[in-house]
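Visitor:
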Amino acid sequence: MKVLIDNGHGVDTAGKRSPDGSLREYKYAREIAEKVVSELKKRGFDAERIVTEENDISLSERCRRVNSICDRIGTKNVILVSIHCNAAGNGSQWMNARGWEAWTSVGQTAADKLADCLYKAAEETDFKIRKDTTDGDPDKEGHLYILKHTKCPAVLTENLFQDNKEDVAFLLSEAGKETIVSLHVKGIINYLKTI
Ligand SMILES: [Zn+2]
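Pasting the structure below:
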């Protein structure tokens, strides 16, 4: 089983930062993605980042990379987790929304089970958990390009809000980084145990 980790955006993406500039989503996502991959590898899992570049790679190219690995080793042997931070505004001012959430594509898919495992790991933290339980599972479902156009089970995590002061302070702390990394590692490993 190959675990693919995506990190959102790039150095050239406008906005996508905390109002004070201390957190930039592309940079934070890359740091977390790198640590998730290395923790999974330490535990013997096959994990790989799909965007190691600093600049933004188009969503179609990201999907092409994922799907070419699916074609090579079999879609059933691949999962994808895309790491982001959330925002309630446009990055110009601090906002009130907080919390953690995960997205899957619309409908019941194998990604729901992966999202469930990530939610369970997130629930072990003291994050505010943002859920949509109207369809019987906690994940939010939407037409996000990278979820819709990749062949394998794919989940996008929104790791707290980059425009909430308390969330940013936590995200940038060592404890915060460790918590975000370990929830992905735990969630992914628990999913791999079920299949
Ligand atoms: Zn993002």
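According to the numbering used here, the stretch in the sequence shown is residues 369 to 563, in order.
Each residue gets a CB set at the ideal place from its N, CA and C atoms; glycine is no exception.
1. Give me the Cα-Cα distance between D485 and P387, rounded to the nearest whole angstrom.
2. Have a look at F529 and R432 and give me their C-alpha separation to the nearest angstrom.
3. Between which residues of its own chain and A401 is the CB-CB distance below 6 angstroms, once the five residues before and five after are set aside?
4. Express the C-alpha separation of V446 and D535 in angstroms, rounding to a whole number.
5. Can you tell me the Cα-Cα spacing of R466 and K410, whole angstroms?
6. So, at 6 angstroms on beta carbons, what are the nonlocal neighbours of Q461 in its own chain, with the 5 sequence-adjacent residues on each side left out?
7. Closer than 8 angstroms by C-beta to M463: which residues in its own chain qualify, once you throw out the five before and the five after it? Chain order, please.
8. Reducing DSSP to helix, strand and coil, say where R466 ends up.
9. DSSP three-state label for E421, please.
10. Please report whether the beta-carbon of S450 lies at a distance below 8 angstroms from any beta-carbon of chain D.
11. Please name the residue, chosen from R392, F495, Y559, L539, that lies closest to G459 on a Cα-to-Cα basis.
12. I'd like to confirm something about H452: is its beta-carbon nearer than 7 angstroms to some heavy atom of ligand 1, or not?
13. Taking 7 angstroms as the cut-off, is the C-beta of E534 nearer than that to any heavy atom in ligand 1?
14. Pick from T443, V379, E407: whose alpha carbon is nearest that of Y394?
15. Looking only at DSSP bridge pairs, what is I546 linked to?
16. Here's a check: name, in chain order, each residue in its chain whose Cβ is nearer than 6 angstroms to the Cβ of K554, leaving out the five neighbours to either side.
17. Span of the alpha helix (DSSP H) holding A401?
18. What is the DSSP secondary structure of N532, reduced to helix, strand or coil?
Guide: Put simply:
1. It is Cys, not Asp, that sits at residue 485 in the sequence shown. Distance from the CA of C485 to the CA of P387, rounded to the nearest whole angstrom, comes to 32 angstroms.
2. 29 angstroms
3. Closer than 6 angstroms at Cβ, skipping near neighbours: I373, N375, R417, I451.
4. 31 angstroms
5. 31 angstroms
6. P387
7. A455, A456, G457, F529, D531, N532
8. coil
9. It is coil, neither helix nor strand.
10. In the displayed structure, chain D is absent; only one protein chain is listed.
11. The candidate whose alpha carbon is nearest that of G459 is R392.
12. yes
13. no
14. V379
15. The sequence given here places Glu at residue 546; Ile does not occur at that position. E546 pairs with nothing; no bridge assigned.
16. A489
17. 393-410
18. coil
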